[in-house]
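Engineer: Protein sequences, first through last, are from chains A and B.
Quick note on the working numbering: the first sequence kicks off at -13 and runs consecutively.
Quick note on the working numbering: the second sequence kicks off at 109 and runs consecutively.
There's a structure below that I have some questions on.
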Amino acid sequence: MDILGTLQTLWLESGFAAFFMAGGWKNLVMILIAFVLLYLGIVKKFEPLLLCGIAFGCLLSNLSYFVSLGDTNALYHPELWAEFLDTASPYYHSYGHIMAHCGLLDFLYIGVKAGIYPSLIFMGVGAMTDFGPLLSNPKSLILGASAQLGVFVAFFGAILLGFTGPQAASIGIIGGADGPTAIYLTTKLAPELLGPIAIAAYSYMALIPLIQPPLMKLFTTEEMRKVRMEQTRDVSKTEKILFPIVVSTFVILLLPSTAPLVGCLMLGNLFRETGVTDRLSDTAQNALMNIVTIFLATSVGATMTAESFLNIKTIYIIVLGLIAFSISTIGGLIGGVIMYYASGKKINPLIGSAGVSAVPMAARVSQDVGRRYNKTNFLLMHAMGPNVAGVIGSAIAAGFLLSIFG
Amino acid sequence: MDLVNLQVGQAVRIALLGYGVVFLGLLMLMIVIMILGKVMIASRKKAETAAAVAAPVKEVPAETPKAYAEGSAGEIKLYDTDPKDAAMIMAIVANKLGKPINELRFKSIKEIKE
């Protein structure tokens, strides 16, 4: 037995050797990026439930796939998915081909590609969300709509920077501040940008307490911020049960492309409100949500290969994402200011910024900023109205973009 | 229209249309929810009125005052604790236990200094 030869083969097949071969340095950079993301998730607690999984998926993908070594041991195969999306390829949209050659993360990614995970996450979100504040003050929906401004401004900005229409639509939806919606739309329209878009969406969501307060101060006066809102009416159980049925029927008939997201969101909410499906509600908001979060985060992270991530487009996406978030916040605040005057100064415009979705963090920011100016003010429940309206608003925005570019 | 390589003018039109569709969709949903709310409030009032009419008029015995937990009315002792903090702590405890605050008995609250 040639011990030296065997050792040499082992060395040449190892990832350590691959770092010194063609393109290997890029893997090293991606591994460092994964470490930074892990740090942000674990130490800084930036959306840790998602970011830890995304970072580790990125790490696994870049540890196991090297251009110079081939794809024998890879957990994720970018070239398989390139064939899957290539209309000229015999394997166009062939899940069978993927399954026959896939690694573990390719297999998990099928759930993202088919739009299953984001929809199931939405079911969990629905099961966790109390739409009572929205029902007691339906005008909140206007704030949820105003706060989608960033989606379309960022879309336009992306076109100016040379992105294609479907790519610009996927970048714009970051402004909806809704991770599952961003992932769902991007997988359908521009899967090549999934990694950077998911990172941007979840990072900025975690940074909402830093991004929003300066804008809230800039677009409202002290007098506005001090407004104490009156308690809203009680919502009956029957109304809460009818709500998911009415919204599903209405929104899906209006925009059929929203069916997977809105349908699952409202199904989860129906489980919560019926009072006879507590076990299903519990599963949707805990066990199922946790399982799907693991699969979703890890497989989205796996798409962050060096080839797809290390380019100027990623920088553009990060910048456009920040613009999208900020403009959406400004849109919600402008809507809030308009409602402040329209209501005879009874509505505190700070609740407008909560229209960016990101439940419940954006509502908490409204509460915190409001209390800074009036210690007796409790805006949380008032802000939850626009907050959950933002979820529906971003799903409608995604549905619109999907119907145009899908 | 070439939706992949969009011109600036086309992008503006799509952005405006999209924002309009989101607004219109949520505005219509708001109207639907408002109508639903009005119907629910009206039917609740109707049911309450019908119940009040149907109920026979009889003398209502004076309600026996509910026995509150002893010590809930001002007997709590505070050690190095601000009354506002104490009120907040009691409210949190009541909320966590799912019991009305006036049915709980707080004897004392003391700040533990390490």
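The C-beta atom is built at its ideal place from N, Cα and C for all residues, glycine as well.
For clarity, every value in this text was computed on a predicted model and none was experimentally measured.
With a cut-off of 8 Å, do at least 3 Cβ pairs link the region 370 to 381 of chain A to the region 125 to 133 of chain A?
Structural biologist: Short answer: they touch.
Engineer: Does the Cβ-Cβ distance between SER75 (chain A) and GLY9 (chain A) come in under 8 Å?
Structural biologist: No, these two residues do not count as a Cβ contact at 8 Å.
Engineer: Please say whether GLY254 (chain A) and THR113 (chain A) have beta carbons closer to each other than 8 Å?
Structural biologist: Per the sequence shown, residue 113 (chain A) should be read as Ala rather than Thr. Their beta carbons are under 8 Å apart, which means ALA113 (chain A) touches GLY254 (chain A) by this criterion.
Engineer: Give me the residue from A:TRP67, A:LEU46 and A:PHE257 with the minimum Cα distance to TYR78 (chain A).
Structural biologist: Residue A:TRP67 is the option with its Cα nearest to TYR78 (chain A).
Engineer: Which residue wins for smallest C-alpha separation from THR115 (chain A), given the options A:LEU256, A:GLY39 and A:LYS331?
Structural biologist: For the residues A:LEU256, A:GLY39 and A:LYS331, the minimum Cα distance to THR115 (chain A) belongs to A:LEU256.
Engineer: Compute the distance between the beta-carbons of GLY118 (chain A) and LYS226 (chain A), then report whether it is under 8 Å.
Structural biologist: Against a cut-off of 8 Å, the Cβ pair of LYS226 (chain A) and GLY118 (chain A) comes out as a contact.
Engineer: Can you tell me whether LYS218 (chain B) is helix, strand or coil according to DSSP?
Structural biologist: The answer is strand: DSSP assigns LYS218 (chain B) an E or B state.
Engineer: In chain order, what residues of the same chain lie with their CB nearer than 7 Å to the CB of LEU14 (chain A), ignoring the 5 residues before and after it?
Structural biologist: Once the five neighbours on either side are set aside, the close Cβ partners of LEU14 (chain A) are PHE5.
Engineer: Quick check on DSSP: helix, strand or coil for TYR25 (chain A)?
Structural biologist: Helix.
Engineer: Taking Cβ to Cβ, would you say LEU127 (chain A) is nearer than 8 Å to ILE337 (chain A)?
Structural biologist: Not a contact, by the Cβ cut-off of 8 Å.
Engineer: Name the residues in the region 195 to 218 of chain B whose C-beta lies less than 7 Å from a C-beta of chain A; which are they?
Structural biologist: Answer in chain order: no residues at all.
Engineer: Would you mind stating whether LEU137 (chain A) and ILE333 (chain A) have Cβ atoms separated by less than 8 Å?
Structural biologist: In the sequence on display, residue 137 (chain A) carries Val and not Leu. No.
Engineer: How should SER285 (chain A) be labelled, buried or exposed, when 16 other C-beta atoms within 10 angstroms of its C-beta is the threshold for buried?
Structural biologist: It counts as buried.
Engineer: Can you check DSSP and say which residues form a bridge with GLY56 (chain A)?
Structural biologist: Answer is A:PHE52.
Engineer: Going by the CB atoms, is the gap between LEU175 (chain A) and ALA155 (chain A) shorter than 8 Å?
Structural biologist: In this structure, LEU175 (chain A) lies closer than 8 Å to ALA155 (chain A) by Cβ.
Engineer: With DSSP run on the structure shown, which of helix, strand or coil describes GLY179 (chain B)?
Structural biologist: Any answer about GLY179 (chain B) is weak, because its pLDDT of 46 lies below 50 and its placement is not dependable; what the coordinates show is given next. Correct three-state label for GLY179 (chain B): coil.
Engineer: Just tell me which of A:ALA288, A:ARG350 and A:ASN297 has its CA closest to the CA of CYS38 (chain A).
Structural biologist: Nearest C-alpha to CYS38 (chain A): A:ALA288.
Engineer: Taking one C-beta from the region 151 to 166 of chain B and one from the region 163 to 175 of chain A each time, how about it: are there three or more such pairs within less than 8 Å?
Structural biologist: Output reads no: the region 163 to 175 of chain A does not touch the region 151 to 166 of chain B.
Engineer: Grab me the residues of ALA144 (chain A)'s own chain with a C-beta within less than 7 Å of its C-beta, minus the 5 sequence neighbours each way, in chain order.
Structural biologist: The answer, listed in chain order, is GLN153, ALA154, ILE157, GLY158 and LEU306.
Engineer: Name the two residues that bound the continuous beta strand (DSSP E) containing LEU175 (chain A).
Structural biologist: Where LEU175 (chain A) is concerned, there is no enclosing beta strand (DSSP E), although the alpha helix (DSSP H) it sits in stretches over 165 to 175.
Engineer: Cβ of ARG121 (chain B) less than 8 Å from any chain A Cβ?
Structural biologist: Not one chain A Cβ lies under 8 Å of ARG121 (chain B).
Engineer: For LEU120 (chain A) and ILE139 (chain B), I'd like the C-alpha separation in whole angstroms.
Structural biologist: Between LEU120 (chain A) and ILE139 (chain B), the C-alpha separation is close to 12 Å.
Engineer: Reducing DSSP to helix, strand and coil, say where THR244 (chain A) ends up.
Structural biologist: THR244 (chain A): helix per DSSP, three-state reduction.
Engineer: When you compare the region 84 to 92 of chain A with the region 263 to 271 of chain A, are there three or more beta-carbon pairs, one atom per stretch, that lie closer than 8 Å?
Structural biologist: No, they do not touch.
Engineer: Anyone know if the C-beta pair for VAL248 (chain A) and VAL233 (chain A) falls short of 8 Å?
Structural biologist: Cβ atoms of VAL248 (chain A) and VAL233 (chain A): closer than 8 Å.
Engineer: For a contact defined as C-beta to C-beta under 9 Å, what are the partners of LYS299 (chain A) on chain B?
Structural biologist: The premise fails here: LYS299 (chain A) is roughly 16 Å from chain B at the closest Cβ pair, so nothing lies under 9 Å.
Engineer: What is the rounded straight-line gap between the Cα of THR279 (chain A) and the Cα of THR218 (chain A)?
Structural biologist: When rounded, the distance between both Cα atoms is 34 Å.
Engineer: Give me, in chain order, the residues of the same chain whose beta-carbon lies closer than 6 Å to that of ALA340 (chain A); leave out the 5 immediate sequence neighbours on both sides.
Structural biologist: Excluding sequence neighbours, ALA340 (chain A) sits near ALA348, ALA349, SER352, ALA369, PRO372 and ASN373.
Engineer: For GLY56 (chain A), return the contacting residues in chain B, with the cut-off set at a CB-CB distance below 7 Å.
Structural biologist: Chain B residues near GLY56 (chain A): none, gap ~32 Å exceeds 7 Å.
Engineer: Find the residues of chain A that neighbour GLY117 (chain B), judging by a C-beta separation of less than 7 Å, and give them in chain order.
Structural biologist: Near GLY117 (chain B) there are no residues of chain A at all, since even the closest Cβ is about 10 Å away, more than 7 Å.
Engineer: Answer yes or no: do PRO199 (chain A) and VAL355 (chain A) have a C-beta to C-beta separation smaller than 8 Å?
Structural biologist: Yes. Within cutoff.
Engineer: Measure the beta-carbon distance from SER294 (chain A) to GLY385 (chain A) and round it to whole angstroms, keeping in mind my assumption that it falls under 8 Å.
Structural biologist: So it is not a contact: roughly 26 Å between Cβ atoms.
Engineer: Taking C-beta to C-beta, are ILE183 (chain A) and ILE197 (chain A) nearer than 8 Å?
Structural biologist: Cβ distance not < 8 Å, so ILE183 (chain A) and ILE197 (chain A) don't count as in contact.
Engineer: Who are LEU186 (chain B)'s beta bridge partners in DSSP?
Structural biologist: DSSP output for LEU186 (chain B) lists B:ILE217 as bridge partner(s).
Engineer: Would you call the CB atoms of GLY162 (chain A) and MET290 (chain A) closer than 8 Å?
Structural biologist: Contact: no.
Engineer: For LEU137 (chain B) and chain A, any beta-carbon pair shorter than 8 Å?
Structural biologist: By this cut-off, LEU137 (chain B) is an interface position.
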